[in-house]
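Undergrad: Read left to right, the sequence shown gives residues 1098 to 1431 (the working numbering).
Quick one: this structure, given as structure tokens, is what I'll be asking you about.
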Amino acid sequence: MGRAASSPSPLAGEGGEEGGPRAQSKPRHPEKVNRPSTPAQRKPDWIRVKAPVSREYQETRALMRRLKLNTVCEEAACPNIGECWKQRHATVMILGSVCTRACAFCNVATGRPDLLDPHEPEHVAQAVGELKLAHVVVTSVDRDDLEDGGAGHFARTIRAIRTAAPETTIEVLTPDFLRKEGAIETVVAARPDVYNHNLETVPRLYRPVRPGARYFASLRLLQRVKELDPSMFTKSGLMVGLGETREEVLQVMDDLRTAEVDFLTIGQYLQPTPKHHPVDRFVPPDEFAELQRQGLGKGFLLVAASPLTRSSYHAGEDFQRLRAAREAQLAGAA
Ligand code: SF4
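Structure below.
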């Protein structure tokens, strides 16, 4: 899963073979072992992150271990973990720690997936309560091996959070549920506040970057969510710096608006290990500002675009902005 295309990932992280609680006895990405290595490029000055050293970081980590929960923050080696966990904003990754896809950008471990933990929904709800989260993002690995792709487990998790923390707003970042009939409907019926699914990259780069996924299937998922519940916020994310052109990114924006997606996140792709897809270029901050301007001009309610933007980065604050933007739009139309 993870940070990649097919999957529910936020955007790719960096940081090699770290990851979370999973034992490292086997290769983390067996399918990449024989791929050529591309040493990571030196990062520009505008990509600098704080080391994860705070007390809140340690406490959040201990809580996740105690409740046997995985986080995409750790598994994707997200560069923002020091900042997010200082505020106890962790993004939980359900359905195990091993993904059935093998995206070229993603640091989440791949291989034979874990058995489902039936207690995971309640443990996620407990973590939300202990962390006192006003807004929680729940993502997962891809589970092509499960008949429903894990949709039922998503729905159970949403319901468990609603029961334990009724004031908390819930954002899901799901896999593409490719060929899993009824899965999208199952998740939408559980009524998350935000339904996020990342397109990750432009269609031309799906084969090298997100080989298990299909661009139009992902786009159709987002459109389907709106058909099922027009009041549900929809969100998607793109990585840049993978070799896409500006025109291709603008075309993806148009496609997302055709699917009535409300919120777009755009961040810099960072190569997790030398075996992952290389960085084509580091996009400077002023280009992100320009993409944000273009996106807003195309009608998104919200566009977050910066080198370190990730799907779940500042998700709580952005949810408030999203809600305010819709209210302003409705007031303007009245
Ligand atoms: S940006 Fe998202 S994935 Fe990264 S540390 Fe923050 S909450 Fe976790």
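C-beta atoms are modelled at their ideal positions from N, C-alpha and C, and glycine is treated no differently.
1) Mind checking whether valine 1380 and glutamine 1365 have CB atoms under 7 Å apart?
2) Answer with buried or exposed for valine 1150, where buried requires no fewer than 16 other C-beta atoms within 10 angstroms of its C-beta.
3) From histidine 1411 to isoleucine 1363, what does the alpha carbon distance come to, in whole angstroms?
4) Could you name each continuous alpha helix (DSSP H) segment of 4 residues or more that falls completely within the region 1324-1396, going from the start of the chain to the end?
5) Could you give the first and the last residue of the continuous beta strand (DSSP E) run that contains threonine 1266?
6) Using a 10 Å radius around the Cβ and a threshold of 16 neighbouring Cβ atoms, would you call alanine 1356 buried or exposed?
7) Could you give the distance in angstroms between the alpha-carbon of cysteine 1181 and the alpha-carbon of alanine 1422?
8) Return the first residue and the last residue of the beta strand (DSSP E) that valine 1400 is part of.
9) If we call anything under 7 Å between Cβ atoms a contact, is serine 1409 one with threonine 1188?
10) Which residues does DSSP pair with methionine 1190 in a beta bridge?
11) Say the cut is 6 Å; is the CB of cysteine 1203 nearer than that to a heavy atom of the ligand SF4?
12) Nearest-angstrom Cα distance between threonine 1283 and glycine 1246?
13) Can valine 1235 be considered in contact with the ligand SF4, in the sense that its beta carbon sits closer than 6 Å to one or more heavy atoms?
14) Can you check which of these residues, Arg1407, Ala1431, Phe1397, is closest to proline 1420 by C-alpha distance?
15) Just grab the DSSP bridge partners of tyrosine 1292 for me.
16) Where DSSP assigns a beta bridge to tyrosine 1297, which residues make up the other side?
17) Which first and last residues belong to the alpha helix (DSSP H) in which tyrosine 1410 is found?
18) When you compare each of Val1306, Leu1353, Lys1323 to proline 1375 by their alpha carbons, which one comes out closest?
19) Just to confirm my understanding: we take threonine 1157, look at its own chain, exclude 5 residues before and 5 after, and list those with CB closer than 6 Å. What are they?
20) Is tryptophan 1143 closer than 7 Å to proline 1369 when the C-beta atoms are compared?
21) Kindly indicate the opening and closing residues of the alpha helix (DSSP H) around leucine 1228.
TA: Short version:
1) yes
2) exposed
3) 13 Å
4) 1343-1355, 1382-1394
5) 1266-1270
6) buried
7) 24 Å
8) 1399-1402
9) yes
10) Asn1167, Thr1236
11) no
12) 11 Å
13) no
14) Before going on, a small fix: residue 1420 reads as arginine here, not proline. For arginine 1420, the nearest C-alpha among the options comes from Phe1397.
15) Val1269, Thr1331
16) Residue identity differs from the one stated: residue 1297 is glutamate in this sequence, not tyrosine. The partner list for glutamate 1297 (beta bridge, DSSP) reads Leu1335.
17) Tyrosine 1410 -> no alpha helix (DSSP H), and no H or E assigned at all.
18) Val1306
19) Trp1182, Arg1185, Ala1187
20) no
21) 1217-1228
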